[in-house]
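Have a look at the structure below, then the notes.
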Amino acid sequence: LLHAKCGSRVRQQYVCPLDNEVVERGDLVKGFEFAKDQYVRVTDAELKALEGEASKIIDIAEFVPLDRVDPIYFEKTYYLGPDKGGEKAYRLLAEAMAKSDRVALAKFVMRGKETLVLIRAAQGGLMLHTMYFADEVRDFGEIDKGASAKVREGELELAVKLLGELANDAFEPERYTDEYRQRVLDLVQTKVEGKEVVAAAPRAERGHVIDLMEALKTSLAERAASPKKPPAKMASKRPEPAPARKAAKR
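Just so we're aligned, residue 918 is where the sequence shown starts under this note's numbering, counting upward by one.
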């Protein structure tokens, strides 16, 4: 963020609301909220003593089918490579997991903290996904899931038909791009070059859909009128899921 008056970049400050004064970093301490607005202080030394022992060893607990792991537990993705001298074990594990169609669940100490990880064979090597523990994942709770709405058989058949029209046999990530990010980059480049920025025409608002049956019929009719794309080739084996975000070298 910039200061509108001079264009300089602003810096973040920590302000104590009780004393109404800026707090320097050297005067900050860690604390945990154990009740509403009640905190207990902890020192860096106390937290350091609780850290797991740093190790390059990943303790595998079990192997499970990938489709039995809910994606809600995935956090970050890393490429996993062998240590020097461990190439044979690495290749053996990668090929065995690929052949058995299973993934490994394990625990690993990362930055002093015990982390749940999933290791899977992909792209001829191994990928490591850090995961959330069960108590870190929320369920639906009181969120309305539309249980009071009644779905008619005809509506369900149309919805299934629409899914069939949009179905494909594999995820092709290159088909999807962040169009908003590209528009922002284009805007920045235009300003850097000193060109005039022309505001795009506002997009027409879509009308509110009231009748789901009519919406499905309209969608199917539009797809029937558009040129059909060639059918996707059937995959010779189960397609591997692509990482949720760009993988970082580990």
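A virtual CB, placed ideally from N, CA and C, is assigned to each residue, including glycine.
Check your understanding: Closest to T1047 by CA distance: which of V939, S1065, D1056 and M1027 is it?
Key -> Against the sequence shown, residue 1047 aligns to sequence position 130. Comparing Cα-Cα distances from T1047 to each of V939, S1065, D1056 and M1027, the minimum goes to M1027.
Practice item. Just the C-alpha distance for L1080 and G948, rounded to the nearest angstrom, thanks. Key: Translated into positions along the sequence shown, residue 1080 becomes position 163. Translated into positions along the sequence shown, residue 948 becomes position 31. Spanning the two alpha carbons is a distance of roughly 50 Å.
Exercise for review: Note down, in chain order, each residue of its chain lying with its Cβ closer than 6 Å to the Cβ of F1050, except the 5 sequence neighbours on either side.
Suggested key: Counting from one through the sequence shown, the residue named residue 1050 turns up at place 133. Here the set comprises L1033.
Review point. Nearest-angstrom Cα distance between F1025 and Y995?
Key: Position 108 of the sequence shown, counted from the first residue, corresponds to residue 1025. Position 78 of the sequence shown, counted from the first residue, corresponds to residue 995. Between F1025 and Y995, the C-alpha separation is close to 13 Å.
Point to revise | Expected contact under 8 Å - CB spacing of V986 and V1020 to nearest Å | key: Within the sequence shown, numbered from 1, the residue matching residue 986 stands at position 69. Within the sequence shown, numbered from 1, the residue matching residue 1020 stands at position 103. About 7 Å; that satisfies the 8 Å criterion.
Review point. Taking the runs of the alpha helix (DSSP H) that are 4 residues or longer, which of them lie wholly in the segment 1023–1103?
Key: 1070–1083
Review point. Of all the options I975, G943 and A966, which has the alpha carbon lying nearest to the alpha carbon of D1000?
Key: Taking the first residue of the sequence shown as 1, we reach residue 1000 at position 83. Measuring from the Cα of D1000, the nearest candidate turns out to be I975.
Practice item. Say yes only if the C-beta of V981 is nearer than 6 Å to one or more non-hydrogen atoms of the ligand GTP, and no if none qualify. Key: Judged by which ligands are present, the structure shown has none, so any question about the ligand GTP falls away.
Review point. Around the C-beta of L919, are 16 or more other C-beta atoms found within 10 angstroms, so that it is buried, or is it exposed?
Key: Taking the first residue of the sequence shown as 1, we reach residue 919 at position 2. Label assigned to L919: exposed.
Review point. Would a C-beta distance cut-off of 7 Å place M1014 and A978 closer than the cut-off?
Key: Sequence index remark: in the sequence shown, residue 1014 carries index 97 (1-based). Sequence index remark: in the sequence shown, residue 978 carries index 61 (1-based). Going by C-beta atoms, M1014 is not nearer than 7 Å to A978.
Check your understanding: Where does A966 fall in DSSP's three states?
Key -> Against the sequence shown, residue 966 aligns to sequence position 49. Correct three-state label for A966: helix.
Exercise for review: Determine the DSSP secondary structure at V1115, reduced to helix, strand or coil.
Suggested key: Walking along the sequence shown from the start, residue 1115 turns up at place 198. Of the three classes helix, strand and coil, the one that applies to V1115 here is coil, per DSSP.
**Study point:** Contact with chain B by I975, beta-carbon distance below 7 Å
**Key:** Included in the structure is just one protein chain, with no chain B present.
Review point. Looking only at its own chain, which residues have a Cβ that is under 8 Å from the Cβ of E992, when we skip the five neighbours before and after it?
Key: Within the sequence shown, numbered from 1, the residue matching residue 992 stands at position 75. Hits under 8 Å: H1046, T1047, M1048 and Y1049.
Check your understanding: Out of curiosity, what's the CA-to-CA distance linking V981 and G1041?
Key -> Position 64 of the sequence shown, counted from the first residue, corresponds to residue 981. Position 124 of the sequence shown, counted from the first residue, corresponds to residue 1041. Roughly 19 Å separates the two Cα atoms.
Practice item. Could you check the C-alpha separation between R1120 and V1109 for me, to the nearest Å? Key: Sequence index remark: in the sequence shown, residue 1120 carries index 203 (1-based). Sequence index remark: in the sequence shown, residue 1109 carries index 192 (1-based). Each residue's Cα considered, the two are about 26 Å apart.
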